[in-house]
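Visitor: For the sequence shown, the numbering used here gives the first residue as 2, with consecutive numbering after it. A virtual CB, placed ideally from N, CA and C, is assigned to each residue, including glycine. If you're wondering where the values come from, they're calculated on a predicted model, not measured in any experiment.
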Amino acid sequence: MKNSSIQDAARSTVSLALAALMLPSAAHAFSCPPRDNADFPVDVNCDDGSAIFCSYPGGADPDVFFCTYSNTTGALVSDHNKGLCPASAVDSGSESACPPATPTAAPTGVAPAPTLTPWGLVAALVLLMGVAMLHLGRRRQG
2 MKNSSIQDAA RSTVSLALAA LMLPSAAHAF SCPPRDNADF PVDVNCDDGS
52 AIFCSYPGGA DPDVFFCTYS NTTGALVSDH NKGLCPASAV DSGSESACPP
102 ATPTAAPTGV APAPTLTPWG LVAALVLLMG VAMLHLGRRR QG
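#1: By a C-beta neighbour count over all protein chains shown, 10 Å radius and 16 as the cutoff for buried, is S51 buried or exposed?
#2: Quick one: complete beta strand (DSSP E) runs, 3+ long, within the segment 50 to 82?
#3: Please go through the same chain and pick out, in chain order, the residues whose beta-carbon is closer than 7 Å to the beta-carbon of T73, but skip the five residues on each side of it.
#4: Quick test of the definition: if touching needs 3 or more C-beta pairs under 8 Å, does the segment 49 to 68 touch the segment 85 to 93?
#5: Could you check whether A90 and F31 sit closer than 8 Å to each other, using their CB atoms as the reference points?
#6: Any idea if P119 is buried or exposed, counting beta-carbon neighbours within 10 angstroms, 16 or more meaning buried?
#7: Pick out whichever of F41, R140, C33 and P58 has its Cα sitting closest to the Cα of C47.
#8: How is P119 classed by DSSP in three states: helix, strand or coil?
#9: Does the Cβ-Cβ distance between T57 and D44 come in under 8 Å?
#10: Measure the alpha-carbon distance for L77 versus T116 and round it to whole angstroms.
#11: Put Q142 into one of helix, strand or coil per three-state DSSP.
#12: Would you give the residue range spanned by the beta strand (DSSP E) that C47 belongs to?
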């Protein structure tokens, strides 16, 4: 009798544990505060899966004045906004995914490799024939 009550208790404990695992978790989705502490509006708001990037450029480059927040807790991770980042992100219920990175163009200071055109070949051939004729002419004289 004791053995069956222990088994029943174990079964109910396992059942409760499985039920708790299957329940959806109360996940929070955070987004950028709409304005920083200097009242500049947010320009870029994106969540890359590991952090929330919030830019408050105020007309400057978006990568200059920004804040990053934890996407799991909403806590401020880094302040690159001269100390004007709000202390935490806003619990918004929805995420804003970051746009894909734009490919960068090749450096403009690098010249393309030269190519030889058919007219370039003709000019090189005429030049080499002229040098060969000069050499043969001097050889005959000497």
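Guide: In brief:
#1: Against the sequence shown, residue 51 aligns to sequence position 50. That one is exposed.
#2: 52 to 56, 67 to 71 and 77 to 81
#3: Taking the first residue of the sequence shown as position 1, residue 73 is located at position 72. Nothing listed; no residue qualifies.
#4: yes
#5: Locating residue 31 in the sequence shown gives position 30, where the first residue counts as 1. Locating residue 90 in the sequence shown gives position 89, where the first residue counts as 1. For F31 and A90, yes; Cβs fall inside 8 Å.
#6: Reading the sequence shown from its first residue, position 118 is the one you call residue 119. Answer is exposed; the Cβ neighbour count stays below 16.
#7: Taking the sequence shown and counting its residues from 1, one reaches residue 47 at position 46. Nearest C-alpha to C47: C33.
#8: Here residue 119 corresponds to residue number 118 of the sequence shown, with the count starting at 1. DSSP places P119 in helix when its eight states are reduced to three.
#9: The residue you call residue 57 lines up with position 56 of the sequence shown. The residue you call residue 44 lines up with position 43 of the sequence shown. Reading off the sequence, residue 57 comes out as Tyr, not Thr. Contact: yes.
#10: Here residue 77 corresponds to residue number 76 of the sequence shown, with the count starting at 1. Here residue 116 corresponds to residue number 115 of the sequence shown, with the count starting at 1. Cα to Cα, L77 sits roughly 54 Å from T116.
#11: Numbered from 1 along the sequence shown, position 141 holds the residue referred to as residue 142. Q142: helix per DSSP, three-state reduction.
#12: Residue mapping note: residue 47 aligns to position 46 of the sequence shown, counting from 1. C47 -> beta strand (DSSP E) spans V45 to D48.
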